[in-house]
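A.B. asks: For the sequence shown, the positions run 5 to 302 when this note's numbering is used.
Once you've had a glance at the structure underneath, I'll fire off some questions.
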Amino acid sequence: MVSAYRGEIDQIVERIPEQRELEDAVNEPDRVVPAIEFRNVHLAFDEKRILDGISFTVRRGETKVILGRSGGGKSTIIRLVLGLLKPDAGQIFIDGEEITAYDEQDMMDVRQKIGMVFQEGALFDSLSVYDNVAYRLNEQSVEEDEIEHEVRRMLQFVDLEDAIDKMPIELSGGMRRRVGIARALIGDPQIVLFDEPTAGLDPPTARTICELAIKLRDLQDVSSIFVTHEMNNVGYLSSEYAVVDEGGHVMFEKEGQTLCLINTEVIMLRDGKIIFSGSDETLHSSPDPYIQRFIHGK
Ligand SMILES: Nc1ncnc2c1ncn2[C@@H]1O[C@H](COP(=O)(O)OP(=O)(O)O)[C@@H](O)[C@H]1O
Ligand SMILES: [Mg+2]
C-alpha cells in the first residue's frame, strides 16, 4: 500500500520536474548557511585592541584552525562564540542566527548546539570518568539508563570505555583530554570548539587528539574551531581524513595529490587581524616572513 502510494508520488514528481528543483532549493540553504560567522568583529580590553576587524566563516563540516601567538585573541574568539563575551562592534552568527546581542537566557539554547574542549581537559577531579562525561545530562535530569548509554557511546568514540570507573588522577594527560572530548560530545553538538586541546602533549598523543577531531569532521559532519599554536596539529588536520572500512572500523587515510577531500582551513591572527586565510599548503608557501617564522617555530 505504502509503496504503491510512493510510486504514485514519484510519477507525479516526474511529471513536474520543477518539484525537484524546488526541493533542492529548499534543502540547499541548510548547507550554505555557515555554522559560525564573524563579521568585522572588534574587541578591546582597557584600550588594548585584541580583535581589530575579524571576519571569517566556518562552513558546515569544516574545521577552521586558528593560529596565533599567545595572547593573540584566540581564546577570546571562542568566548565570543559562546556568548561569554560581547564584541564592541561587528556581528556574530551561529547557524545563520545573529547572537551578537543575545543575553544569557538566549545563549542557553545556542550553547546546547556547542561542545567545548578546554586546554587542560578541565575535568572535575572529585568525579569519576563516568560522572565527568555524564555531567551535562545529570544537570538536565535525563534518565539514568539513557545517561549510561550515552556515556558509553561517547567513551567508545574516544576509545576509553575501559576507563569508565577511573578517577581523573589515575589517567595520563592524553586520556584526560580524551575524557574532556567525550564530555564535550554529550548531546551530539553540531559545533565543537577546541581550545589548544593538545597543549603539553607529546606528538603521538597530540595526533590521537587530532584524529578525534578528524573523525568528528569527516564522519559526523561536525563544524569546529580548532585553536592551536602547534604546527604538527595543522599537519594532521590538513593531511588525513577518516573513512569507515567494510568491517565498520575507522581508518585514517592520507590525502592523495589530486584529491581535495579535506575540509580544513587555517587562519592566522596577528595584532588583532587575520593575516592569512587558506589551506595548510598555501600557508607553508607564503612568502610572509612573519608566517615563515611562525611555522618554523621561531
Ligand atoms: N577579561 C579580560 N580583561 C582584560 N584583558 C583580557 C581579558 N581576557 C583576555 N584579555 C587579554 O586579551 C589578550 C588575548 O587573550 P586570549 O584571547 O586569551 O589570547 P590567546 O588565547 O590567543 O592566548 C591577552 O593579552 C589577555 O591578557
Ligand atoms: Mg588561549
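Glycine included, each C-beta is placed from N, C-alpha and C at the ideal position.
Predicted model only: the values in this text are computed from it and were never measured.
Is it the case that the CB of K78 approaches a heavy atom of ligand 1 more closely than 7 Å?
C.D. replies: Walking along the sequence shown from the start, residue 78 turns up at place 74. Yes, the Cβ of K78 comes within 7 Å of a heavy atom of ligand 1.
A.B. asks: Out of R187, V62, Y245, which one is the CA nearest neighbour of F230?
C.D. replies: Mapped onto the sequence shown, residue 230 falls at position 226. With distances taken between Cα atoms, F230 lies closest to V62.
A.B. asks: Comparing the CB of G75 with every heavy atom of ligand 1, is any distance shorter than 7 Å?
C.D. replies: The residue you call residue 75 lines up with position 71 of the sequence shown. For ligand 1, at least one heavy atom lies less than 7 Å from the Cβ of G75.
A.B. asks: Taking Cβ to Cβ, would you say S242 is nearer than 8 Å to V196?
C.D. replies: As a working mapping, residue 242 is identified with position 238 in the sequence shown. As a working mapping, residue 196 is identified with position 192 in the sequence shown. No, Cβ-Cβ distance for S242 and V196 is not below 8 Å.
A.B. asks: So, do the stretch 233-250 and the stretch 198-215 have three or more beta carbon pairs nearer to each other than 8 Å?
C.D. replies: yes
A.B. asks: Mind checking whether the beta-carbon of S200 lies closer than 7 Å to any heavy atom of ligand 2?
C.D. replies: The residue labelled residue 200 in the question sits at position 196 within the sequence shown. In the sequence as displayed, the identity of residue 200 is Glu instead of Ser. It does: the Cβ of E200 is within 7 Å (strictly closer) of some heavy atom of ligand 2.
A.B. asks: Going by other Cβ atoms of all chains shown within 10 Å of its Cβ, with 16 needed for buried, is D192 buried or exposed?
C.D. replies: Taking the sequence shown and counting its residues from 1, the one referred to as residue 192 is at position 188. Exposed is the label assigned to D192, since fewer than 16 other Cβ atoms lie within 10 Å of its Cβ.
A.B. asks: Closest to E102 by CA distance: which of I168, I118, V85, R211 is it?
C.D. replies: Taking the first residue of the sequence shown as position 1, residue 102 is located at position 98. Per the Cα distances, V85.
A.B. asks: Rounding to the nearest angstrom, what Cα-Cα distance links T268 and L189 in this structure?
C.D. replies: The residue you call residue 268 lines up with position 264 of the sequence shown. The residue you call residue 189 lines up with position 185 of the sequence shown. Roughly 20 Å between the two C-alpha positions.
A.B. asks: Could you check if N136 is buried or exposed, using at least 16 other CB atoms within 10 Å of its CB as the buried criterion?
C.D. replies: Taking the first residue of the sequence shown as 1, we reach residue 136 at position 132. Per the 10 Å Cβ criterion, buried.
A.B. asks: Return yes when the C-beta of I54 is under 7 Å from any heavy atom of ligand 3, and no when it is not.
C.D. replies: Among the ligands present in this structure, namely ligand 1 and ligand 2, ligand 3 is not found.
A.B. asks: Cβ of G72 within 7 Å of any heavy atom in ligand 1?
C.D. replies: One-based indexing of the sequence shown puts residue 72 at position 68. True, at least one ligand heavy atom lies under 7 Å from that Cβ.
A.B. asks: Assign T286 to buried or exposed, taking buried as 16 or more other Cβ atoms, counted over all protein chains shown, within 10 Å of its Cβ.
C.D. replies: Within the sequence shown, the letter at position 282 stands for residue 286. Per the 10 Å Cβ criterion, exposed.
A.B. asks: Could you check the C-alpha separation between A39 and E174 for me, to the nearest Å?
C.D. replies: Residue mapping note: residue 39 aligns to position 35 of the sequence shown, counting from 1. Residue mapping note: residue 174 aligns to position 170 of the sequence shown, counting from 1. Whole-angstrom Cα-Cα distance: 37 Å.
A.B. asks: Can you list, in chain order, the residues of its chain whose CB lies under 6 Å from that of T262, leaving out five sequence neighbours each side?
C.D. replies: Indexing the sequence shown from 1 puts residue 262 at position 258. Since pLDDT at T262 reaches only 43, below the 50 mark, its modelled position is unreliable, and the value read off the structure follows with that caveat. Cβ within range, chain order: n/a, list empty.
A.B. asks: Are the beta-carbon atoms of L127 and R180 separated by less than 8 Å?
C.D. replies: Within the sequence shown, numbered from 1, the residue matching residue 127 stands at position 123. Within the sequence shown, numbered from 1, the residue matching residue 180 stands at position 176. Contact: yes.
A.B. asks: Label F49 either buried or exposed according to how many other C-beta atoms from any shown protein chain fall within 10 Å of its C-beta, with 16 as the threshold for buried.
C.D. replies: For the purposes of this step, residue 49 is taken as residue 45 along the sequence shown, with counting starting at 1. Flag for F49 reads exposed.
A.B. asks: Does the Cβ of F298 lie closer than 7 Å to at least one heavy atom of ligand 1?
C.D. replies: The residue you call residue 298 lines up with position 294 of the sequence shown. No - ligand 1 has no heavy atom lying nearer than 7 Å to the Cβ of F298.
A.B. asks: By the three-class DSSP mapping on this structure, what secondary structure does K258 have?
C.D. replies: Taking the sequence shown and counting its residues from 1, the one referred to as residue 258 is at position 254. In the structure shown, K258 sits in a strand (DSSP, three-state: E or B).
A.B. asks: Does the beta-carbon of D50, which I'm using as the reference point, lie nearer than 7 Å to any heavy atom of ligand 1?
C.D. replies: In the sequence shown, residue 50 corresponds to position 46, counting from 1. For ligand 1, at least one heavy atom lies less than 7 Å from the Cβ of D50.
A.B. asks: Report yes or no: do three or more beta-carbon pairs, one from the stretch 149-163 and one from the stretch 104-116, lie closer than 8 Å?
C.D. replies: no
A.B. asks: Give the straight-line distance between the Cα atoms of D163 and V183, rounded to the nearest whole angstrom.
C.D. replies: By one-based count along the sequence shown, residue 163 stands at place 159. By one-based count along the sequence shown, residue 183 stands at place 179. Rounded to the nearest angstrom, the gap between the Cα atoms of D163 and V183 is 9 Å.
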